[in-house]
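> In this note's numbering, the protein residues as written are 3 to 187.
My questions will all concern the structure given below.
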């Protein structure tokens, strides 16, 4: 058997296109993995719409009531006794913190009022109800340094919250019936 040593040398090349394909596959994997690791701050509830309101930009604790009356702190289910303990610990640690109630529009009125009463008992006047603006537009992020390139839902700091009722001459505001129904202890 004769071996031909006179064959021309083939130049070895690194193909870039398959290498770029592999790099993009790895990048896609890491992007999808990062999205799965994002912490959800509250359960998904169907919030009611409001005509007026302004975003509250301060540290807050999110309390949610779903359509079945189950209460949550952030995204962890809590019974009413646990809720009271958590709220007291939060107010002790952060006296200026805001308590935000995310109540599904399908939740029973009784459940919402009970949780709201508990929030007002612990938080006083630092309680807000989360709503969605009736225009359907999500407010702009006041902090342009935070990036949200994927168009993810806004953080709770960017949700519209109702303004506190204005003081009227009669001592109460006719647009807030809960002022007469719920005692502010």
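Don't be surprised by glycine CBs; every beta carbon is placed ideally from N, CA and C.
Across which residues does DSSP place residue 79 in a beta bridge pair?
The partner list for residue 79 (beta bridge, DSSP) reads 74.
> Looking only at its own chain, which residues have a Cβ that is under 6 Å from the Cβ of residue 202, when we skip the five neighbours before and after it?
In the structure as shown, the chain starts at 3 and stops at 187, and residue 202 therefore has no counterpart that could be examined.
> Checking the sheet assignment: what are the DSSP bridge partners for residue 104?
DSSP, once it has assigned bridges, lists 66 as partnering residue 104.
> What do you get for residue 177, buried or exposed, if any count of 16 or more other CB atoms within 10 angstroms of its CB means buried?
Confidence in residue 177 is poor, its pLDDT being 42 and thus under 50, which makes the residue's placement too unreliable to answer from.
> Can you tell me the Cα-Cα spacing of residue 106 and residue 23, whole angstroms?
Distance between the alpha carbons of residue 106 and residue 23 is about 45 Å.
> Which same chain residues end up closer than 6 Å to residue 94 when comparing Cβ atoms and leaving out the 5 residues on each side of it in sequence?
Result list for residue 94: empty, nothing under 6 Å.
> For residue 117, which of helix, strand or coil comes out of DSSP?
The answer is helix: DSSP assigns residue 117 an H, G or I state.
> How close, in whole Å, do the beta carbons of residue 100 and residue 65 come, if the pair is a contact with beta carbons under 8 Å?
Their Cβ separation, rounded to whole angstroms, is 11 Å, which puts residue 100 and residue 65 out of contact at 8 Å.
> Of all the options 30, 92, 71, 19, which has the alpha carbon lying nearest to the alpha carbon of residue 125?
Minimum Cα distance to residue 125 is reached at 92.
> What number of angstroms, rounded off, separates the C-alpha of residue 30 from the C-alpha of residue 80?
Between residue 30 and residue 80, the C-alpha separation is close to 36 Å.
> If contacts are defined as beta-carbon pairs under 8 Å, then residue 109 and residue 67 qualify, I think. What distance do you get, rounded to the angstrom?
Confirmed, Cβ separation roughly 5 Å.
> So is residue 89 buried or exposed if we call it buried at 16+ other beta carbons inside 10 Å?
Per the 10 Å Cβ criterion, buried.
> If you run the structure through DSSP and keep just helix, strand and coil, what is residue 131?
It is a strand residue.
> Keeping to the same chain, check which residues put their C-beta closer than 8 Å to that of residue 116; ignore five residues upstream and five downstream.
Contacts found: 82.
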